[in-house]
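Novice: I am attaching a structure below and will ask some questions about it afterwards.
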Amino acid sequence: MRKIKFNYDETIIENKLPNGLRIYLYKTNKTKNFYITVSTRFGADVMKYKSGNKIYEITKGSAHFLEHRVMDFTKNQEAQDKISEFGSMANAYTTYNGTNYNIFGHENILENIELLFDRVFKASIKDEDVENERGIILEEYDMYFDDPYFILHNNLSENIFTDSAIKYPVLGTREGIESVSGNELRRLYKDFYRIDNMFVIVTGDFDENEVMDFISKYTKNIKPPKNKPKVIKPREKNSVLVSEEEITMSVSEPKIIVGYKTKVIKDISLIMQKSILSMSLSNVFGLSGDAYEELNKEGIKRFNWGFEVSDGYFLIYFKASTYKGNIFENIVDKYMSNLSMDDEALERKKRAKLSSLILSFENILDIEDRIATEIFTYNKVINNRDEIINSISLSDVNKVLSNISLDNKSILKIKGE
Numbered sequence: 246m247r248k249i250k251f252n253y254d255e256t257i258i259e260n261k262l263p264n265g266l267r268i269y270l271y272k273t274n275k276t277k278n279f280y281i282t283v284s285t286r287f288g289a290d291v292m293k294y295k296s297g298n299k300i301y302e303i304t305k306g307s308a309h310f311l312e313h314r315v316m317d318f319t320k321n322q323e324a325q326d327k328i329s330e331f332g333s334m335a336n337a338y339t340t341y342n343g344t345n346y347n348i349f350g351h352e353n354i355l356e357n358i359e360l361l362f363d364r365v366f367k368a369s370i371k372d373e374d375v376e377n378e379r380g381i382i383l384e385e386y387d388m389y390f391d392d393p394y395f396i397l398h399n400n401l402s403e404n405i406f407t408d409s410a411i412k413y414p415v416l417g418t419r420e421g422i423e424s425v426s427g428n429e430l431r432r433l434y435k436d437f438y439r440i441d442n443m444f445v446i447v448t449g450d451f452d453e454n455e456v457m458d459f460i461s462k463y464t465k466n467i468k469p470p471k472n473k474p475k476v477i478k479p480r481e482k483n484s485v486l487v488s489e490e491e492i493t494m495s496v497s498e499p500k501i502i503v504g505y506k507t508k509v510i511k512d513i514s515l516i517m518q519k520s521i522l523s524m525s526l527s528n529v530f531g532l533s534g535d536a537y538e539e540l541n542k543e544g545i546k547r548f549n550w551g552f553e554v555s556d557g558y559f560l561i562y563f564k565a566s567t568y569k570g571n572i573f574e575n576i577v578d579k580y581m582s583n584l585s586m587d588d589e590a591l592e593r594k595k596r597a598k599l600s601s602l603i604l605s606f607e608n609i610l611d612i613e614d615r616i617a618t619e620i621f622t623y624n625k626v627i628n629n630r631d632e633i634i635n636s637i638s639l640s641d642v643n644k645v646l647s648n649i650s651l652d653n654k655s656i657l658k659i660k661g662e
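Numbering (the numbering used here), first residue to last: 246 to 662.
Encoded structure:
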């Protein structure tokens with residue numbers, strides 16, 4: 246057991262059990278609630294893996310489908326009644342990096358942990374339940390693909406990336422949802438829901454020793470299988486598949502998304518690169534930025550931006566709802582081709598970043614999300630982000646921004662029927 250200390254008087258306790266399960270506890274008196282998470286490092290970005298001498302191709306959408314079958318309170322009315330009795334809320338979600346199971350509550354924390362652990366560690370995946378769930382997930386799939394903003398982002402990723410899993414939504418493909426079998430889900434549960442591939446996070450108001458002792462005793466006899474799966478990652482190409490696409494659907498106003506694909510720099514930490522991109526983009530496209538002001542003057546008010554990273558590449562995107570799609574594209578291109586920061590802007594953005602780090606400890610859901618994201622991304626909790634941010638120089642900024650490739654660009658437009 247060790248204490249992960251932060252420079253702003255916060256501490257997270259980490260403990261790795263003999264069976265490989267890692268536990269992270271953040272106790273605070275800022276709330277009377279608690280938030281419990283069980284996570285597995287199995288998400289939508291796992292498309293192929295080797296176990297023993299056999300290589301398996303994973304049906305797209307399997308991680309999300311498996312989440313539905315694991316987090317199933319409908320088959321246990323007694324457990325569902327207990328959740329309601331405690332006034333707790335249970336939830337689960339799948340990302341590209343992993344799958345998370347949560348309970349938010351304010352009393353009977355050990356009973357809540359047991360309820361959640363019983364779902365995750367004792368899941369029973371029956372063929373008839375898989376068939377019943379298939380229709381529910383297909384309805385969810387259709388709902389998402391009725392949303393033009395979801396289609397904007399989904400199709401852009403599909404056009405930008407050549408081989409990465411991010412080409413496909415976490416939900417998977419319709420063909421995948423229709424074809425995944427109970428046998429495959431049971432195999433994936435056995436191979437990836439192994440105790441040494443999982444971690445537990447508890448944040449909020451609780452007794453640390455009591456919680457740690459309960460988790461240790463509950464999982465004491467859970468041992469990992471012998472053959473640990475080896476994920477086979479794709480090799481993403483330095484190109485885009487489709488540079489421009491236009492589709493038609495029922496929308497009240499045309500939509501556009503512009504995306505740029507650029508390599509991650511190997512000799513600068515990913516944390517620093519992401520921080521620099523975030524600060525630089527917000528400096529220009531944020532509420533006080535020059536691009537924001539120009540877009541507003543053109544009457545383009547419904548727009549946003551962001552970036553993602555997958556298989557060694559960043560996808561930087563800008564999307565808008567506007568009849569002035571060409572003007573939006575030109576303004577984005579103009580500011581992206583001259584993206585920069587001066588000393589004053591850099592120091593201002595650093596202060597804002599540092600403030601957000603401290604504020605993340607004010608909300609137990611935020612700090613849980615931060616811990617989980619860091620474990621999925623870096624395999625550890627990062628307690629020196631403030632030092633990394635403070636160390637960023639203008640030369641670091643210039644190196645990251647000059648690396649952005651404007652040639653690897655893709656545009657997707659949605660026009661009305």
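Note that CB positions come from ideal geometry on N, CA and C, so glycine has one too.
All of these numbers come straight from a predicted model, not from anything done at the bench.
Given 8 Å as the limit, is there contact between the region 493-501 and the region 558-569, that is, 3 or more CB pairs closer than that?
Specialist: These segments touch.
Novice: Considering Cα atoms alone, identify which of D363, T339, S647 is closest to K508.
Specialist: It is S647.
Novice: Leaving out five residues on either side along the sequence, give the residues of the same chain with a beta carbon under 6 Å from the beta carbon of V415.
Specialist: Here the set comprises A289, H309, T339.
Novice: Could you tell me whether the Cβ atoms of E373 and K327 are closer together than 9 Å?
Specialist: no
Novice: Are the CB atoms of K577 and V487 nearer to each other than 9 Å?
Specialist: Here residue 577 turns out to be Val, not Lys, going by the sequence shown. No, Cβ-Cβ distance for V577 and V487 is not below 9 Å.
Novice: Go to E302, then tell me how far its alpha helix (DSSP H) extends in each direction, as first and last residue.
Specialist: Unbroken run through E302 is the beta strand (DSSP E), 299-302; no alpha helix (DSSP H).
Novice: Output needed for Y580: all residues of its chain with C-beta closer than 6 Å, excluding positions within five of it in sequence on either side, in chain order.
Specialist: V529, A536
Novice: Beta-carbon within less than 8 Å of T319's beta-carbon, same chain only, minus the 5 sequence neighbours each way: which residues are those?
Specialist: Q325
Novice: In chain order, what residues of the same chain lie with their CB nearer than 8 Å to the CB of G531, ignoring the 5 residues before and after it?
Specialist: Y537
Novice: Starting from the N-terminal side, write out each stretch of the alpha helix (DSSP H) that is 4 residues or longer and does not extend beyond the region 478-560.
Specialist: For the region 478-560, whole alpha helix (DSSP H) runs of length 4 or above, ordered along the chain, are 515-530, 535-542.
Novice: Would DSSP call A410 helix, strand or coil?
Specialist: helix
Novice: Between K275 and E613, which are expected to be in contact by the criterion C-beta below 8 Å, what is the C-beta distance as a whole number of angstroms?
Specialist: Not a contact, Cβ separation roughly 14 Å.
Novice: Y394 by DSSP, collapsed to three states: which one?
Specialist: Secondary structure of Y394 (DSSP, three-state): helix.
Novice: Excluding the 5 residues flanking I633 on each side, which residues of the same chain have their C-beta closer than 6 Å to its C-beta?
Specialist: The answer, listed in chain order, is I516, M517.
Novice: Can the beta-carbon of S307 be found less than 9 Å from the beta-carbon of L430?
Specialist: Judged by their CB atoms, S307 and L430 are nearer to each other than the 9 Å cut-off.
Novice: Which residue marks the beginning of the beta strand (DSSP E) containing R247, and which one marks its end?
Specialist: 247-250
Novice: Tell me whether the beta-carbon of Y558 lies closer than 9 Å to the beta-carbon of K506.
Specialist: yes
Novice: Need the endpoints of the beta strand (DSSP E) that L270 sits in, please.
Specialist: L270: member of the beta strand (DSSP E) spanning 267-272, first to last residue.
Novice: Might you give, ordered along the chain, the residues of its own chain that have their beta carbon closer than 8 Å to the beta carbon of E378, omitting 5 neighbours on each side?
Specialist: Cβ contact annotation for E378 (same chain, cutoff 8 Å, sequence separation greater than five): F310, H313, R314, in chain order.
Novice: Is S307 helix, strand or coil by DSSP?
Specialist: helix
Novice: In chain order, what are the residue ranges of uninterrupted alpha helix (DSSP H) at least 4 long that sit wholly in the region 627-661?
Specialist: Segments of the alpha helix (DSSP H) lying fully in the region 627-661: 630-636, 639-647.
Novice: For a quick check, are the C-beta atoms of F406 and E481 less than 9 Å apart?
Specialist: yes
Novice: With three or more C-beta pairs closer than 8 Å as the rule, is the region 292-301 touching the region 447-466?
Specialist: no
Novice: Whole angstroms is fine: what's the gap from R615's alpha carbon to E574's?
Specialist: 33 Å
Novice: May I ask you to report which of helix, strand or coil DSSP gives A289?
Specialist: coil
Novice: Compute the Euclidean distance between the alpha carbons of E489 and S650, then round it to the nearest angstrom.
Specialist: 16 Å
Novice: Exposed or buried, M292, counting other C-beta atoms within 10 Å across all chains shown (16 or more means buried)?
Specialist: M292 should be labelled buried.
Novice: Could you tell me whether the Cβ atoms of L266 and D436 are closer together than 9 Å?
Specialist: no
Novice: Measure the C-alpha to C-alpha separation of N321 and L610 and round it to an integer number of angstroms.
Specialist: 27 Å
Novice: Please determine, among N400, T282, T344, K511, the residue with the shortest C-alpha to C-alpha distance to K644.
Specialist: The candidate whose alpha carbon is nearest that of K644 is K511.
Novice: To the nearest angstrom, how far is the alpha carbon of I656 from that of M334?
Specialist: Rounded to the nearest angstrom, the two C-alpha atoms are 40 Å apart.
Novice: For the region 442-459 against the region 380-396, are there 3 or more C-beta pairs whose distance is under 8 Å?
Specialist: The region 442-459 makes no contact with the region 380-396; the number of CB pairs closer than 8 Å stays below 3.
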